Amino acid sequence: MTAAIYVDDVYKAFGKPDAERRLHLPWRAPASNGHSNGKNGHKPTVVAVDHVSFAVQPGEIFGVLGPNGSGKSTLIRLLSTLLLPDSGQIRIFGHDVDQEAMEVQRLINRVSVEASFFKKLSPMENLLYGARLYGLDGRETRAQVVVILTRLGLEDRAIRNPMEQMSRGMQQKVAIARALLSRPRILLLDEPTTGLDPRSKREVQAVVRELQQKEGTTILLTTHDMTEAENLCDRIAIMDRGKVVALDTPPNLRALVPGSNGTQPTLEDVFLELTGRQLVTEEE
Ligand SMILES: Nc1ncnc2c1ncn2[C@@H]1O[C@H](COP(=O)(O)OP(=O)(O)OP(=O)(O)O)[C@@H](O)[C@H]1O
Ligand SMILES: [Mg+2]
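Numbering (my numbering), first residue to last: 515 to 798.
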């Protein structure tokens, strides 16, 4: 079976001032494999993704758990062709992100924490605008927008009010709804629930589960939230400083650490055991 996401020995470093030069643009310079390390007069670099390999199976919910700066967002941007790896290979349902970027873009969609909207416009208007970018038909899309937003728990009235009047949780749901319009086979969610209140968090998590169950969508999500990772993900890759330090099902990850006094180890304990450091969570 072809993996939904196949990542083989991927390395990505940023040269600080002009890190964004490697966007996938037709006129970009060919990717260089030289890793400058700040020595010998080279520009200092930040290694964001450090020789990472894993495969995600179709229909899986795959979590990437790690502290700030561990490389989660960079990984997502690499998977979605927004950045190219310096070395290594990424395939999305067999398509190479570098050689077949168009095919890859048809199969995936990404929701990031800083999703941007026209704030004065309503969710309906924002989604119709997004749909046009995908070349989707207006009337059909209008009906679909209502279906998707209602399923995400948005009331009919909210669908037609300006986005600026909505809570962050609601805006996040609209961001997910927009990504769903193109019916992606893979959904990449960069911290879909960070900063949401517990109820919105649960609603977003329910949507993720439903997508997997009803549509068979493959979902890769990043989070700092260990409870979320445990409850939602079939498998979790724990990242630290650009490296995957462990990758397994939640029960198998917990089994890496001996329980103390009869208590079950948490993923926090696992992270501490593997890295010697705390996985600092915020907003919990
Ligand atoms: N465009 C960029 N230019 C330079 N450095 C970058 C860029 N993007 C990310 N980095 C650096 O790469 C490393 C990994 O960043 P990344 O955003 O992938 O981490 P993250 O795990 O998503 O963190 P967070 O939990 O804070 O979102 C960090 O050291 C970051 O400063
Ligand atoms: Mg991030």
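Even for Gly, the Cβ is constructed at its ideal location relative to N, Cα and C. The structure presented is a predicted model; accordingly, all values stated were derived computationally and were not measured.
Query, Result
"What does a CB cutoff of less than 7 Å around Thr-789 pick up in its chain, not counting 5 residues either side in sequence?", "Asp-754 and Val-759"
"Kindly confirm or deny that the segment 681–689 and the segment 642–657 touch, where touching means at least three C-beta pairs closer than 8 Å.", "no"
"Residue range of the alpha helix (DSSP H) that Lys-586 falls in?", "586–593"
"Tell me the DSSP secondary structure of Glu-797 in three-state form.", "With a pLDDT of only 44 at Glu-797, under 50, the local geometry of the prediction cannot be trusted, and no value is derived from it."
"So is Thr-763 buried or exposed if we call it buried at 16+ other beta carbons inside 10 Å?", "exposed"
"Please report how far the alpha carbon of Tyr-525 lies from the alpha carbon of Glu-669, in whole angstroms.", "44 Å"
"Suppose the cutoff is 6 Å on Cβ atoms and the five residues either side in sequence are ignored; what does the same chain contact list for Lys-633 look like?", "Met-677 and Glu-678"
"Using C-beta distances below 8 Å, list every residue in its chain close to Glu-724, excluding the 5 sequence neighbours before and after it, in chain order.", "Arg-665"
"Look up Ala-615 in the DSSP assignment and say whether it is helix, strand or coil.", "helix"
"For Pro-779 and Gly-773, which I take to be in contact (beta-carbon distance under 8 Å), what is that distance rounded to the nearest angstrom?", "5 Å"
"Within the present structure, is the beta-carbon of Gly-585 separated from the nearest heavy atom of ligand 1 by less than 7 Å?", "yes"
"Looking at C-alpha atoms only, which residue of Arg-692, Asp-739, Leu-770 and Gly-756 is the closest neighbour of Leu-650?", "Arg-692"
"At which residues does the alpha helix (DSSP H) containing Met-740 begin and terminate?", "740–746"
"Under 7 Å from any heavy atom of ligand 1, does the C-beta of His-738 make it?", "yes"
"Between which two residues does the beta strand (DSSP E) containing Thr-789 stretch?", "That residue, Thr-789, is in no beta strand (DSSP E); its alpha helix (DSSP H) goes 781–789."
"Alpha carbon to alpha carbon, what distance is there between Leu-781 and Ala-751?", "11 Å"
"Around the C-beta of Val-814, are 16 or more other C-beta atoms found within 10 angstroms, so that it is buried, or is it exposed?", "Nothing about residue 814 can be reported from this structure: the residues present for the chain run from 515 to 798 only."
"Could you name the residues that DSSP lists as bridge partners for Arg-653?", "Per DSSP, none; premise fails for Arg-653."
"Taking 7 Å as the cut-off, is the C-beta of Glu-742 nearer than that to any heavy atom in ligand 2?", "no"
"Taking the beta strand (DSSP E) that Ala-693 falls in, what are its first and last residues?", "Premise fails: Ala-693 lies in the alpha helix (DSSP H), 682–694, not in any beta strand (DSSP E)."
"When we look at the beta-carbon of Glu-717 and count the other beta-carbons within 10 Å, is it buried (16 or more) or exposed?", "buried"
"Using the C-alpha atoms, what's the distance from Gln-719 back to Arg-682?", "15 Å"
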